[in-house]
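Numbering (full-length UniProt numbering), first residue to last: 1 to 856.
Think of the CB as a built atom: it goes at the ideal place given N, C-alpha and C, for glycine as much as any other residue.
Step one of this worksheet: look at the structure below.
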Amino acid sequence: MTTGTPPAVLPAPPVPSGELIYRLLIEHSTDLIALLGAEGQVQYLSPSVHAHLGYNDSCDSVANKFAYQLVHREDWPTLIKRIHDTRPGGRAALEPFRVRHAYGHWCWMEGTVVNLLEHPDIRANLLAVRDVTETVRVKAELLARTQEYTDLLESITDAFYVLDRDWRFVYVNTYAQRLLGKSAEELLGQVKWEVFPESVDSLVGIHYREAMRSGVPQKFEVHYEPLELWAEAHLYPSARGLSVSFQDISARKATERAERQRSRILELTVQGTPLEQVLHEVALLVEQQCPGVLCSVLLRQEDRLFTAAAPSLPDTYSRAIDGLLIGPDQGSCGTSAFSREPVVTHDIAASPAWAQFRELAGIHGLCSCMSLPVLDEHGEVLGTFALYERSGAMSGAAHMDQLVRARDLAALAMRHHQLTAQLRHQAQHDALTGLPNRSLFTERLAEILEQSERSRASTALLFVDLDEFKGVNDTVGHHVGDYVLQAVADRLLGCARRGDVVARVGGDEFTLVLPFAEEPHAITVARRVLNELTRPFVVQGRAFHLGASIGISVSPQAGRDGQTLLRHADLAMYRAKREKSGFAVFEAQLNQQAQLRLQLASDLREALREPGANLELHYQPQVRLHDGQVVGAEALVRWRHPHLGMVSPAQFIPVAEDTGMIVPLGTWVMEEACRQAVAWAAAGHGAMRVAVNVSALQFARPDFVDTVSATLRATGLEAGRLEVELTESAVMEDVKESVERMERLRALGVSVAVDDFGTGYSSLSYLQRLPLNVLKIDRTFIQNLGVNATSRSVVQAIVGLAQHLNLECVAEGVETPDEREALIEVGCRYAQGFFFAKPLPAPALLEWLSQADGAR
């Protein structure tokens, strides 16, 4: 261990006096130290006064001054009071106050004061303050900015509040207080779930907790029932809590709801919903958009208005004004419809226009009314739209926009209904006569039969087919025919009772439905119709004579449904036409005949698949009267039915014509007849011609002449040996086309004959226009020719006409020697009939020809 001399003991440093220490602290302190006398005079300022206020260290510029000379006069009262209030020996904090700087501006100071007025050595108030000018400035700016934000949050119409992490309200703007129904004093510092416990498990509560938990902003819509408003909520979570804003979207929701209602109304309109129901929805829409008003919609019929919708008006009032006359002084609606302008009545009790309805309105508490006319695109009044109020003057401007939009929506519905009704009428009525068409006729007939069934009553149906109408169209044109059809419709309506249905079901076909009518009444009406239709129709100075064939069927005997009743009336009509009886009543026998016709049609269709196996031609010779020379033969078709045997042409030819099978049948007949004529030539009878009957349907085909030409080429028959026989009616179907086809036939070399002359039009004017070769006199004029002077005169006239026109004349149906002799006497050269030979099959005809040649 090392030992040595101990270190010398240093003398202790001198201890500064307390005064020195205080002086040093004061002089080197960054705070400004001041001593103020009891009256506020400045007794001392520390050297830092220069740093703080710009005064020099000697303080000569502020010494012996009173503090109020340095302190801002607005701050001095507070400062001196704070100093005076400090108890002796006590200490107090000084609020920031302003002191003038040596350069003239103000500096903010804050600190403490110690009351040393009773200290024996000091006798003053000690102030220790520091410069807080920057701090005050920053706080002022922050406060100003905060106030701006607060003013902004208070000025917006959105509700806004802030919750801390403990769900306590820390800020609530005025609108939020109104929305929540509580003041800021009731909310600030309170836990939301305690103030509003009902929202804990609501949609709002779920979103709040999710936003706070996830830190993700939330947005949702909520309906706030106490204020009847819709709001869009925005939640903005942060570390300090949750900022919440509610934007009032009630107007938007109302608009959306109104748009949905408008869309629904448009859907109802296009779906064909009854107009009254659509207008009811429009009125409800207006009442929802304009709380407190009562809406009504009136529809115009002629010169009156009828209530279509008034969901909230008293029924007694609506019924009382139903049928309101359109005119001045007819209330708001009647006047508006009359003037075609909006009419606003602020005080019903004082309005002259309401004079006759004033008491009625008063009874129901109606004070004011505004009405708008509903116009179509041409300015015609469809109806009116009206708003009533019970609370005083009508606030027209406030409701005008909604009312105009609703009025336009109602106008659209009315026009759509009107157009739909027009289209329905057009779809169900004949455009020419305005009568119900087949579609509406069928519907009405079904309704009437249903009523008759329930009442155990009969219903009669008349099927009217015009006779000779085709000739009107063909001779003078369709425009004249249209006038005739309109006149026919008028006459039929004149024959009908109220409740009867008159319809046009075809070109020249009409029907009459007679509800609750028996057969005798139906016959009476049929006779009345025949009398009306046989009267001349005068159009453009010309008289046209028509007739009609009427079929009658009566339920339930002739059928219980419309289709059966119509079919049976049609059968009866055809019977009337065949028998030329004017009208006929359906009987069960007619139905049996119809069934037979259906069977024949089916069997004939099958027969035409192999016509040679089931069909055959018989030929009736045509002879020259003065020497008996056979000049030709008429081909007549026969049908050997496998079960019915030989079917008369009178039975199957009408069936073929009705079904269109007459065309293929006629084509086969012509081909077979031409082949047979070629065979005759091979047997030594080359001079004979063959006559073939052609139906109207076959002749009307555009390719008819081409078919004849092709048949001649295919069979090798000379055209001069073929004669085409046409009926007068076939020629008159379309005279212009007929003449063109006949000329083409004659250009081929084919002879053209008119069959059964005298039974149809028998007009010299049309005969002169037709390129004919032969007239065939109908058998009805030949019967009793030898003993009946009238028949002889007619036949003589026809023969003379033929000679005048340079036509051959062939008499049909000659059965006796007297008839033959009479024909020779009147100058007729050719004839056919049972007197010479009945129609014979081809082999039998050849044998007959051989015998005839031998006899001569």
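- Assignment of D500 by DSSP, reduced to helix, strand and coil, places it in the coil class.
- Closest in alpha carbon position to G362, among N788, P314 and L419, is P314.
- Per the C-alpha coordinates, the member of L665, N773 and A789 positioned closest to E723 is N773.
- Going by C-alpha positions, L745 is about 59 Å away from V270.
- Secondary structure of D482 (DSSP, three-state): helix.
- Secondary structure at I122: coil, using DSSP grouped into helix, strand and coil.
- According to the DSSP assignment, E733 belongs to no beta strand (DSSP E), since it is labelled neither H nor E.
- For A128, the closest alpha carbon among the candidates L45, E468 and A51 is that of L45.
- Only buried fits N473, as 16 or more other CB atoms lie within 10 angstroms of its CB.
- In the three-state reduction of the DSSP assignment, I550 falls in the strand class.
- Remark: C-beta atoms of T727 and C674 do not approach each other more closely than 8 Å.
- Each residue's CA atom was taken as its position, placing A92 and Y171 some 33 Å apart.
- Collapsing the DSSP output to three states places S751 in a strand.
- Nearest C-alpha to E532 among I206, E302, R792 and L493: L493.
- V344 places its beta carbon 8 Å or farther from that of R438.
- The criterion of a C-beta distance shorter than 8 Å is satisfied by Q622 and A633.
- Comparing alpha-carbon positions, the option among Y103, L565 and P664 lying closest to A607 turns out to be P664.
- Here the C-alpha atom of E657 lies approximately 54 Å from the C-alpha atom of V278.
- Counting only the Cα atoms, H429 lies some 24 Å from L530.
- The distance from the Cβ of A522 to that of A460 is about 4 Å, consistent with a contact at the 8 Å cut-off.
- Taking the CA atoms as reference points, P436 sits about 18 Å from D570.
- According to the DSSP assignment, I348 belongs to no beta strand (DSSP E), since it is labelled neither H nor E.
- Excluding sequence positions up to five before and after F544, its CB lies within less than 7 Å of the CB of V472, V484, P536 and F537, all in the same chain and listed in chain order.
- Of all C-beta pairs linking the segment 283-297 to the segment 380-394, three or more are shorter than 8 Å, placing the two stretches in contact.
- The secondary-structure analysis by DSSP pairs K219 across a beta bridge with H234.
- A contact is defined here as three or more CB-CB pairs under 8 Å, and the segment 794-812 meets this definition with respect to the segment 822-837.
- Comparing alpha-carbon positions, the option among A487, A526 and D500 lying closest to V539 turns out to be A487.
- Of the residues G104, T78 and I122, the one whose Cα lies closest to the Cα of A38 is I122.
- In the three-state scheme derived from DSSP, where H, G and I count as helix and E and B as strand, T112 is classed as strand.
- Cα atoms of T564 and A558: separation of roughly 7 Å, rounded to the nearest angstrom.
- In the three-state scheme derived from DSSP, where H, G and I count as helix and E and B as strand, I326 is classed as coil.
- Between L849 and H685, the C-beta gap is smaller than 8 Å, which places the two residues in contact.
- According to the DSSP assignment, F385 belongs to the beta strand (DSSP E) that extends over V381 to E389.
- Only exposed fits V404, as fewer than 16 other CB atoms lie within 10 angstroms of its CB.
- DSSP, read as helix, strand or coil, puts C828 in coil.
- With a 10 Å radius around the Cβ and a threshold of 16 neighbouring Cβ atoms, T511 comes out buried.
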